[in-house]
Every structure is written in structure tokens, then in C-alpha cells.
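Below is one structure, written out as C-alpha cells; comments come after it.
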Amino acid sequence: MFAQSEALVVLGIDPGLTRCGYAVLRSQSLQQTDVVALGVMTTPATEQLQHRLCALQLDIEKLIDETQPNAIAVEQVFFQNNVRTAMSVGQVSGLVLAMASRLGIDVVQYTPSQVKSAVTGSGTANKLQVQKMVQQRLGLSSLPEPADAADAAAIALCHLAVAPLRSSILRAKNAVGAK
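Sequential numbering of the sequence shown, starting at 244, is according to the working numbering.
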């Protein structure tokens with residue numbers, strides 16, 4: 244996957260139709276991680292679904308073109324009280340997964356508890372705890388805002404923490420399969 248000396252650029256996505264958080268982080272190591280881009284893409288609720296999805300696709304593709312990530316990490320939602328929200332999150336997630344596949348970019352999904360655990364050490368951390376840890380880990384002068392952008396940064400940090408282990412496992416599987 245990636246050698247230890249290579250920089251890993253990860254696009255973290257907190258999927259949402261109205262607000263889609265994104266964070267692009269460049270890392271040589273977990274101790275040296277830089278913020279390349281951080282923010283939220285929005286679409287108006289008054290627009291038709293297909294137009295909103297198309298707008299998000301264009302915005303995400305532009306971000307990918309500008310930042311050239313090696314990997315995309317997306318939050319995977321298992322349960323949502325609001326069915327409409329769950330559907331829109333699922334649609335945006337599917338859009339990102341398909342786009343990454345088409346562009347040949349490694350894409351991984353993480354549950355909220357996996358993200359919280361990787362960033363704070365607790366899978367039950369609250370939003371403020373996650374924001375504070377993202378701020379500390381990235382050396383930001385203030386809490387990352389809005390929450391969707393902070394969540395996207397946490398998702399990218401989760402991938403940066405897990406990527407070396409994933410890479411080792413893939414190498415081991417390939418070595419066993421090659422014999």
C-alpha cells in the first residue's frame with residue numbers, strides 16, 4: 244500500500260445531503276499531520292435530490308482533483324432515528340464509494356464508534372470530546388467548526404491510525420496467497 248516514508252493523503256467524508264463535511268489530511272506519521280483542506284459542502288433543501296447529489300459529486304470531484312488523496316475514509320452509519328436522514332446519508336455515502344471506485348482510490352468506511360475510539364480512545368465520546376481531540380491532534384488554534392468538518396477530520400484521523408495496520412495485514416495476506 245504505502246511505504247512508511249511516503250506521505251499519506253486522506254480525504255475524510257462525513258456524508259450528508261444538506262451538509263457534507265470534508266477534511267483532507269496529509270501525514271508522514273501520526274505525529275506529523277497537516278490540514279490540507281477542511282470544511283463543509285452544502286446543498287439547498289429546496290433543490291431536487293438528483294441536483295443536490297450532482298452538486299455534491301462535482302464538489303467532491305473538484306476537491307479530489309485539487310488534493311489528490313491516496314485514500315478516502317467515509318463514516319458508515321448503522322442506525323439512524325430519522326429515516327429520511329439515514330436515506331440521504333446512505334445516498335451520499337454510495338455516491339462517494341462509487342466515485343472512489345471509478346477513480347481507483349482506496350475507500351474505507353468506519354462506524355462512528357470506530358472513529359471516536361481511534362481519535363479519543365473511547366467509542367462513546369461526545370461531539371465536544373471529538374472536536375477537542377481533533378483540535379489537539381491537528382494543532383489547530385481553535386475547535387474545528389462546524390461539527391460536520393470536525394467529524395470529517397476525525398474520520399480521516401481514524402484512517403491514518405488504522406492504515407498502517409491495514410497495510411501490514413494486506414501484505415501478510417498477499418505473502419501467504421503467493422506461496
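The C-beta atom is built at its ideal place from N, Cα and C for all residues, glycine as well.
Bear in mind that the values here come from a model prediction, so they are computed numbers and not experimental data.
Taking 8 Å as the cut-off, the Cβ atoms of Ala343 and Val253 do not count as close.
Using a 10 angstroms sphere on the CB of Lys359, the tally of other CB atoms reaches 16 or more, which defines it as buried. If only uninterrupted beta strand (DSSP E) runs of at least 3 residues are considered, none is enclosed by the stretch 363 to 416. Non-local beta-carbon contacts of Cys401 in its own chain, meaning distances under 7 Å to residues more than five positions away in sequence, involve Ala316, Tyr353, Gln357, Val358, Ala361, Val362 in chain order. The stretch 322 to 338 makes no contact with the stretch 367 to 383; the number of CB pairs closer than 8 Å stays below 3. The stretch 295 to 305 and the stretch 385 to 394 do not touch, with fewer than 3 CB-CB distances between them shorter than 8 Å. For Thr285, the enclosing beta strand (DSSP E) stretches over residues 275 to 285. Sorting Gln275, Glu318, Ser270, Thr289 by C-alpha distance to the C-alpha of Pro312 places Ser270 at the top. For the 8 Å CB-CB criterion, Glu318 and Ile398 form a contact. DSSP lists no beta-bridge partner residue for Leu299. Residues Ser356, Lys359, Ser360 of the same chain have their beta carbon placed closer than 6 Å to that of Gly366, with the five preceding and five following residues left out of the count. Of all alpha-carbon atoms in Leu340, Gln291, Ala396, the one lying nearest the alpha-carbon of Ala280 is that of Ala396. Taking the C-beta atoms as reference points, Thr276 is found nearer than 8 Å to Arg380. Annotated three-state conformation of Val320 is coil, per DSSP. In this structure, the straight-line span from the alpha carbon of Val339 to that of Asp349 is close to 11 Å.
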